[in-house]
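Beneath this line is the structure, given in structure tokens, with notes to follow.
Number of protein chains: 2
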Amino acid sequence: MTARVSNGPEEGALTAMTRTKREIVTEFRTAEILEAAYRVFAERGFDEATMAEIARAAGVAKGTLYLYYPSKQEIYEAALRQSAVEVDARTKAALERAAGVDGKIRAFIETKLRFFEEHRDFFRLTERAYGYPARHASQHARLVDELRLGQVKLLDQILQQAVRRKAVRPVRTEAAAFAIFDLTRSIVTQRLRGASRATLDDDIAFAFELTWKGIGYR
Amino acid sequence: MTARVSNGPEEGALTAMTRTKREIVTEFRTAEILEAAYRVFAERGFDEATMAEIARAAGVAKGTLYLYYPSKQEIYEAALRQSAVEVDARTKAALERAAGVDGKIRAFIETKLRFFEEHRDFFRLTERAYGYPARHASQHARLVDELRLGQVKLLDQILQQAVRRKAVRPVRTEAAAFAIFDLTRSIVTQRLRGASRATLDDDIAFAFELTWKGIGYR
DNA sequence: CGGTATACTGACTCATCGGTCATTTCGATG
DNA sequence: CATCGAAATGACCGATGAGTCAGTATACCG
């Protein structure tokens, strides 16, 4: 992030080492702040989270936050994007590995349920940004929306293929993709609320069966 | 709301009439303000809506709002509760009328889809309040949550009965109820975004089939 | 019309919060 | 240990917005 000025003909070794050390510290602080912000945003939501609170949670002063991020908005997006990239990567990998349409749909559900089981704050973070009307959507709402659509698209492609191959009945694939996505979300919500007394595996099986029978021929 | 002082031995008729007139005005203003608040909250969300904006939308001064409601929070809750009661009543009536488990489930989906089709602001209002963690839930988040659980409970009861009668396979009824609820929500979301090009009837049929096959035996 | 009670108004207060920057602390170097 | 540059700090600033209230307009009545 810091503008890098070429530092002339001094010994490269020392210069390199110095900068490396600084970069390590920067990286550490950055991660530390992000992690704290993550918790606070998940707890309070964007509007109600304060920079003072994030600073306290990170164990630094408020001013320090601004040495590493230019604004509250940017911290939020960085936090969100970090996990979004991870969940996206995991989902894609799982879909790649899985065989057959049923396997892929199950893999989708399973991956997301497992991911959110271990990243509850992330789920809350995305939930908070829901429901903003597109017209006046704030920056971060739009970001969450993009992430969501990306995930739905993955499902949609699987379903399109499945319909073409007559593995499932000819449903409207995009609508079905949204439905599967939201069903997954529904179950995560129940788990986070402690409303589901079932094991994770049971919930995965439940969600899969419901959708699979739902879109199947019989 | 105003403390009512007994006004002695004047002619009762006039007094009654005067109070009635006042009550009419009050009722009118109250509704006017609520309707404006409704729109603004749906558009901006609770935090970003301002009392000044609501006042402008209602065509009154800010101070006037406080003559009819004690706080922003209370206006929000009144707005929310008004529609919540209505949707609840409609849903219950529709469930009563419908015959058979399948009819009732279809009626549930249909009622909600139709209601939200005509009360888009209400949907946005409830969406905005989603995802708050139960522990630190703000007042209005808790209210939305209650409404949601009430609706889910209606579905749950239908499903329990259905399972007992072996009309559907022995699914976990509460989880299935949440799933149906969220699937409905999913489709409303798509419609509000303009993402669904299908007719309302098609969407109703789609949602019903998906769930019905999902929980059915075959 | 003048008097009075009530409704309404919007300028004001006060608290909060994002972001800034003069000052202090830290730690590397010679 | 003295020096010096970078990192960190937190008091401060300006903006915003919920809620208040002294003053004004309005409606009603004798």
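Protein sequences, first through last, are from chains F and P. Using the working numbering, the final residue of the first sequence is 218, and nothing's skipped along the way. Using the working numbering, the final residue of the second sequence is 1218, and nothing's skipped along the way. Glycine is no exception: its CB is placed at the ideal position from the N, C-alpha and C atoms.
From residue i to residue j, what does the alpha carbon distance come to, in whole angstroms?
{"i": "K1021/P", "j": "F1028/P", "result": "11 Å"}
{"i": "K92/F", "j": "T64/F", "result": "37 Å"}
{"i": "S186/F", "j": "A1179/P", "result": "6 Å"}
{"i": "G1214/P", "j": "D102/F", "result": "14 Å"}
{"i": "V60/F", "j": "R124/F", "result": "24 Å"}
{"i": "P1170/P", "j": "A1042/P", "result": "39 Å"}
{"i": "S1083/P", "j": "D1145/P", "result": "14 Å"}
{"i": "Y217/F", "j": "T211/F", "result": "12 Å"}
{"i": "A1107/P", "j": "L1095/P", "result": "6 Å"}
{"i": "R148/F", "j": "R172/F", "result": "18 Å"}
{"i": "A1037/P", "j": "M51/F", "result": "29 Å"}
{"i": "A1013/P", "j": "E1023/P", "result": "Interpretation of A1013/P is limited by its pLDDT of 42, a score under 50 that renders its predicted location unreliable; no figure is taken from the coordinates."}
{"i": "I105/F", "j": "G1100/P", "result": "31 Å"}
{"i": "D1047/P", "j": "K1072/P", "result": "10 Å"}
{"i": "R142/F", "j": "T1189/P", "result": "15 Å"}
{"i": "R1197/P", "j": "A198/F", "result": "37 Å"}
{"i": "H119/F", "j": "I33/F", "result": "17 Å"}
{"i": "R1081/P", "j": "A1089/P", "result": "12 Å"}
{"i": "D1202/P", "j": "T1111/P", "result": "14 Å"}
{"i": "G150/F", "j": "V1025/P", "result": "51 Å"}
{"i": "E35/F", "j": "L192/F", "result": "20 Å"}
{"i": "D121/F", "j": "T1126/P", "result": "21 Å"}
{"i": "A78/F", "j": "Q1157/P", "result": "43 Å"}
{"i": "R1097/P", "j": "L159/F", "result": "36 Å"}
{"i": "P1070/P", "j": "K1062/P", "result": "12 Å"}
{"i": "A49/F", "j": "A1049/P", "result": "17 Å"}
{"i": "E209/F", "j": "V87/F", "result": "23 Å"}
I want to verify the contact list: residues of chain F whose CB lies under 7 Å from the CB of residue i, in sequence order.
{"i": "S1186/P", "result": "F178, A179 and D182"}
{"i": "Q1231/P", "result": "There is simply no residue 1231/P to check, as chain P begins at 1001 and stops at 1218 in what is shown."}
{"i": "Q1073/P", "result": "Simply none; closest approach about 14 Å."}
{"i": "Q1190/P", "result": "A175 and F178"}
Could you tell me whether the Cβ atoms of residue i and residue j are closer together than 8 Å?
{"i": "L113/F", "j": "I54/F", "result": "no"}
{"i": "L155/F", "j": "F181/F", "result": "yes"}
{"i": "G45/F", "j": "R128/F", "result": "yes"}
{"i": "A1057/P", "j": "V1085/P", "result": "no"}
{"i": "I109/F", "j": "A207/F", "result": "yes"}
{"i": "L200/F", "j": "E117/F", "result": "yes"}
{"i": "Y66/F", "j": "T30/F", "result": "no"}
{"i": "A1177/P", "j": "V1152/P", "result": "yes"}
At 9 Å on the CB atoms, spell out the chain F contacts of residue i, in chain order.
{"i": "I1215/P", "result": "L210, K213 and G214"}
{"i": "F1206/P", "result": "V171, R172, A175, A176 and A179"}
Please list, in chain order, the chain P residues whose beta carbon lies closer than 7 Å to that of residue i.
{"i": "E110/F", "result": "Result: empty, since nearest Cβ-Cβ is about 16 Å, beyond 7 Å."}
Determine the chain F residues that contact residue i at a beta-carbon separation under 8 Å, and present them in chain order.
{"i": "A981/P", "result": "A query on residue 981/P cannot be resolved here, the shown segment of chain P reaching from 1001 to 1218 and no further."}
Residues of chain P with a CB under 9 Å from the CB of residue i: which are they?
{"i": "D47/F", "result": "G1045, F1046, D1047 and E1048"}
Quick check: the segment 1163–1179 of chain P against the segment 154–169 of chain F, are there 3 or more CB pairs under 8 Å? no
Which runs of the alpha helix (DSSP H), 4 residues or longer, sit entirely within the segment 1126–1212 of chain P? 1139–1164 and 1173–1192
Taking only runs of the alpha helix (DSSP H) that begin and end inside the segment 87–130 of chain F, which ones reach a length of at least 4 residues, in chain order? 100–118 and 120–128
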